[in-house]
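**Q**
There are 2 protein chains.
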Amino acid sequence: MSAKVLPGGVDDIVTVAPEYSTDSGADPLWEGVEPEPARRLLVAGLGLFAAQGFHGTTTRDIAARAGMSPAALYVHYRTKEDLLFRISRIAHEAALAVIPPESSGAGDPAGRLRAAVAAFTAWHARHHTAARVAQYELAALEPAHFRAVAAVRLAIERIFRKMIERGVAVGKFEVSDTPATALAILSLAIDLARWYQPGSRHSPEELGDLYAGLALRMVRSGQ
Amino acid sequence: MSAKVLPGGVDDIVTVAPEYSTDSGADPLWEGVEPEPARRLLVAGLGLFAAQGFHGTTTRDIAARAGMSPAALYVHYRTKEDLLFRISRIAHEAALAVIPPESSGAGDPAGRLRAAVAAFTAWHARHHTAARVAQYELAALEPAHFRAVAAVRLAIERIFRKMIERGVAVGKFEVSDTPATALAILSLAIDLARWYQPGSRHSPEELGDLYAGLALRMVRSGQ
DNA sequence: GTCTATACGGAGATAGAC
DNA sequence: GTCTATCTCCGTATAGAC
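Keeping their order, the protein sequence lines are chains A and B.
Read in order, the letters of the first sequence correspond to residues 1 to 223 in the working numbering.
Read in order, the letters of the second sequence correspond to residues 1001 to 1223 in the working numbering.
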């Protein structure tokens, strides 16, 4: 639970402890995972994958944390990798879904970028455990599963790039390199999965507002 | 070598492929690792840890890639974790060393921040393989080893925070939250370890300049 | 310092009873 | 659907010859 932090100011993050604090017992994110034992296994795997990585986690660990025997996992999932894939796909789709659609009223490029960055950032903080698995365990997915989540990742990337392109096109943003700036803004949010812990100084919403402000500065929008 | 990218524009990163391209055969970063077989093992481990993670890599993999028998590893390293620690420590210390010292002439806060971000970013792109292991395999370090690298991480974090504090103190920067802004700037560079590939559109130096510009905008410095 | 051979435990996954 | 028991292979690490 507690982050391993060196003696230092309370502001020192020291950027990720060996033990990783997990959340999400009854996260609505996993509501759709049925039946309940399957969900329990998934949430157990989620926490362990986030803390120790996919390869650092055994099926026995997962089953034990879910309060079941090792064999029970294979009733609900074909393989350990299949369990990872379910987590990764749900997380990716949820992260995509949280971005306000283009048609969401905000015709103003700055307003739209602000809303998107705030929402995407807050999601990554709130769901830092799921985000961590989604972002850092891609290499453990088998090829077909990787392709499925890569499609979602590409969609996210394009949405942010388009948002910046629009702002540039109408003269509201001023950037030297649109794709690179889009990636940089994504990096801000995604990197939360690496360092964010529930005990952090800011709530997910505060971080969303904060990073939205930084993103607007990056595209040199006064708003 | 080639990133697994979905059909799409050439700009699409799709953010990290299952196969991770490694670099560093004769990287000066590892010059100090002696004797030569120890270095070969270390570089082999580096590439595999970056691609598959520490737990996804076997000592047999490492030895084979170094052209040696599995037992040879234990002549040069106490354990597999010890090999990881050597990599992580060297990488952390090199990343710290690349940041221009406070006394480096640039009395101007904006100039100093620009130089630091450019150097730190370029380092993370150029040494993306080592950076990846350093950033994402911390949880595999045993406690004493973790503490050793955490001390370096803390030093880096403080340097960036101090730089921003100075600029704010003399009225050159305008930020709403100094520690959070420092972390955000670090995130830009660190996240390169996740997505950067040698085939990327920009050289490490170009990315350094680009991100330095973004960082200055984040602290609202015109320069 | 490097090898071959191997000890020993742990890993993913399955069989078959209840 | 869950369990206990187990198969089989693989992983880290060591022994001992050269």
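Note that the Cβ used here is the ideal one computed from N, Cα and C, for glycine as well.
1) Along chain B, in chain order, which residues have C-beta atoms closer than 7 Å to that of histidine 225 of chain A?
2) Name the chain B residues whose beta carbon is nearer than 7 Å to that of aspartate 191 of chain A?
3) Establish whether the CB of arginine 1166 of chain B and some CB of chain A are separated by less than 8 Å.
4) List, in chain order, every chain B residue whose beta-carbon is nearer than 9 Å to that of glycine 82 of chain A.
5) Could you tell me the distance, in whole angstroms, from the CA atom of aspartate 11 of chain A to the CA atom of phenylalanine 1120 of chain B?
6) For alanine 1193 of chain B and aspartate 1082 of chain B, what's the separation of their Cα atoms in angstroms?
7) Can you list, in chain order, the residues of its chain whose CB lies under 6 Å from that of leucine 1207 of chain B, leaving out five sequence neighbours each side?
8) Is alanine 1044 of chain B helix, strand or coil when you go by DSSP?
9) Taking beta-carbon pairs under 8 Å, can you tell me which members of the stretch 202-221 of chain A lie near chain B?
10) Relative to chain A, which residues along the stretch 1055-1080 of chain B have a C-beta separation below 7 Å, given in chain order?
11) Residues of chain B with CB closer than 9 Å to the CB of serine 88 of chain A, please, in chain order.
12) Please list, in chain order, the chain B residues whose beta carbon lies closer than 9 Å to that of alanine 125 of chain A.
13) With a threshold of 8 Å, are at least 3 pairs of Cβ atoms found where one atom belongs to the stretch 104-116 of chain A and the other to the stretch 38-56 of chain A?
14) What does serine 103 of chain A reach in chain B if we use C-beta pairs closer than 7 Å?
15) Apart from the five residues just before and just after alanine 50 of chain A, which ones in its own chain have a Cβ nearer than 7 Å to its Cβ?
16) I'd like to know whether the C-beta of alanine 51 of chain A is nearer than 8 Å to at least one C-beta of chain B.
17) Can you find a CB in chain B that lies within less than 8 Å of the CB of aspartate 108 of chain A?
18) Taking the alpha-carbon positions, what's the arginine 1147 of chain B to arginine 86 of chain A distance?
19) Work out the CA separation of glutamate 1093 of chain B and leucine 6 of chain A for me, nearest whole Å.
20) Could you tell me which chain A residues have their CB closer than 9 Å to the CB of alanine 1140 of chain B, listed as they occur along the chain?
21) For arginine 1220 of chain B, does the three-state DSSP call read helix, strand or coil?
22) If you draw a straight line from the alpha carbon of glycine 222 of chain A to that of glutamate 165 of chain A, how long is it in whole angstroms?
23) Secondary structure at glycine 111 of chain A, three-state DSSP: helix, strand or coil?
24) Can you check whether the C-beta of aspartate 177 of chain A is within less than 8 Å of a C-beta belonging to chain B?
25) If you drop the 5 nearest sequence neighbours on each side, which residues of the same chain put their C-beta closer than 7 Å to that of threonine 178 of chain A?
26) Taking the alpha carbon of alanine 118 of chain A as the point to measure from, which residue in A:Leu214, A:Val170, A:Thr58 has its own alpha carbon closest?
**A** The relevant details are as follows:
1) Residue numbering for chain A in the displayed model covers 1 to 223; residue 225 of chain A lies beyond these limits and cannot be assessed.
2) Counting from one through the first sequence, the residue named residue 191 of chain A turns up at place 191. By Cβ distance, chain B contributes Ser1187, Ile1190, Asp1191.
3) Residue numbering aside, residue 1166 of chain B sits at position 166 when the second sequence is read from its first letter. For arginine 1166 of chain B, the closest Cβ of chain A is not nearer than 8 Å.
4) Position 82 of the first sequence, counting from 1, holds the residue named residue 82 of chain A. In the sequence as displayed, the identity of residue 82 of chain A is aspartate instead of glycine. What aspartate 82 of chain A touches in chain B: nothing, since even the nearest Cβ is about 16 Å away.
5) What you label residue 11 of chain A is simply residue 11 of the first sequence in a count that begins at 1. What you label residue 1120 of chain B is simply residue 120 of the second sequence in a count that begins at 1. The predicted model places aspartate 11 of chain A with a pLDDT of 49, which falls under 50 and marks its position as unreliable; any figure quoted below should be read in that light. Taking the straight line from one Cα to the other gives about 21 Å.
6) As a first step, residue 1193 of chain B is located in the second sequence; it is residue number 193 there, counting from the start. As a first step, residue 1082 of chain B is located in the second sequence; it is residue number 82 there, counting from the start. So the two alpha carbons sit approximately 22 Å from each other.
7) Working through the second sequence from its first residue, we reach residue 1207 of chain B at position 207. For leucine 1207 of chain B, where only same-chain residues beyond five positions count, the Cβ hits under 6 Å are Thr1121, Ala1125.
8) Position 44 of the second sequence, counting from 1, holds the residue named residue 1044 of chain B. Alanine 1044 of chain B falls in the helix class under three-state DSSP.
9) Against chain B - using a Cβ distance shorter than 8 Å - the residues of the stretch 202-221 of chain A are His202, Leu207, Leu210, Tyr211, Gly213, Leu214, Arg217, Met218, Arg220.
10) His1055, Gly1056
11) Translated into positions along the first sequence, residue 88 of chain A becomes position 88. From the beta-carbon of serine 88 of chain A, no residue of chain B is found nearer than 9 Å; the closest lies around 12 Å away.
12) Numbered from its first residue, the first sequence carries residue 125 of chain A at position 125. Going along chain B, no residue has its Cβ under 9 Å from alanine 125 of chain A, so there is no contact; the nearest lies around 12 Å.
13) no
14) Within the first sequence, residue 103 of chain A is the residue found at index 103, counting from 1. By Cβ distance, chain B contributes nothing, its closest Cβ being about 23 Å from serine 103 of chain A, past 7 Å.
15) The sequence position of residue 50 of chain A within the first sequence is 50, counting from 1. The answer, listed in chain order, is Tyr20, Thr22, Thr129, Arg132, Val133.
16) For the purposes of this step, residue 51 of chain A is taken as residue 51 along the first sequence, with counting starting at 1. So yes, alanine 51 of chain A belongs to the interface.
17) Locating residue 108 of chain A in the first sequence gives position 108, counting from the first residue. Contact of aspartate 108 of chain A with chain B is not assigned, every C-beta pair being separated by 8 Å or more.
18) Position 147 of the second sequence holds residue 1147 of chain B. Position 86 of the first sequence holds residue 86 of chain A. In a straight line, the C-alpha of arginine 1147 of chain B is about 34 Å away from that of arginine 86 of chain A.
19) Taking the first sequence and counting its residues from 1, one reaches residue 6 of chain A at position 6. Taking the second sequence and counting its residues from 1, one reaches residue 1093 of chain B at position 93. Bear in mind that the predicted position of leucine 6 of chain A carries a pLDDT of just 42, short of 50, making it too unreliable to give a figure here.
20) Counting from 1 along the second sequence, the entry for residue 1140 of chain B is found at position 140. Simply Pro18, Gln52, Gly53, Gly56.
21) As a position in the second sequence, residue 1220 of chain B is number 220, starting the count at 1. Arginine 1220 of chain B: coil per DSSP, three-state reduction.
22) Counted from its first residue, the first sequence places residue 222 of chain A at position 222. Counted from its first residue, the first sequence places residue 165 of chain A at position 165. Glycine 222 of chain A and glutamate 165 of chain A: Cα-Cα distance of roughly 17 Å.
23) Counting from one through the first sequence, the residue named residue 111 of chain A turns up at place 111. Looking at glycine 111 of chain A - three-state DSSP - the assignment turns out to be helix.
24) Along the first sequence, read from residue 1 onward, the residue named residue 177 of chain A stands at position 177. Contact of aspartate 177 of chain A with chain B is assigned, a C-beta pair being separated by under 8 Å.
25) For the purposes of this step, residue 178 of chain A is taken as residue 178 along the first sequence, with counting starting at 1. The residues are Arg161, Ile164, Glu165, Val168.
26) Working through the first sequence from its first residue, we reach residue 118 of chain A at position 118. Closest by alpha carbon: A:Leu214.
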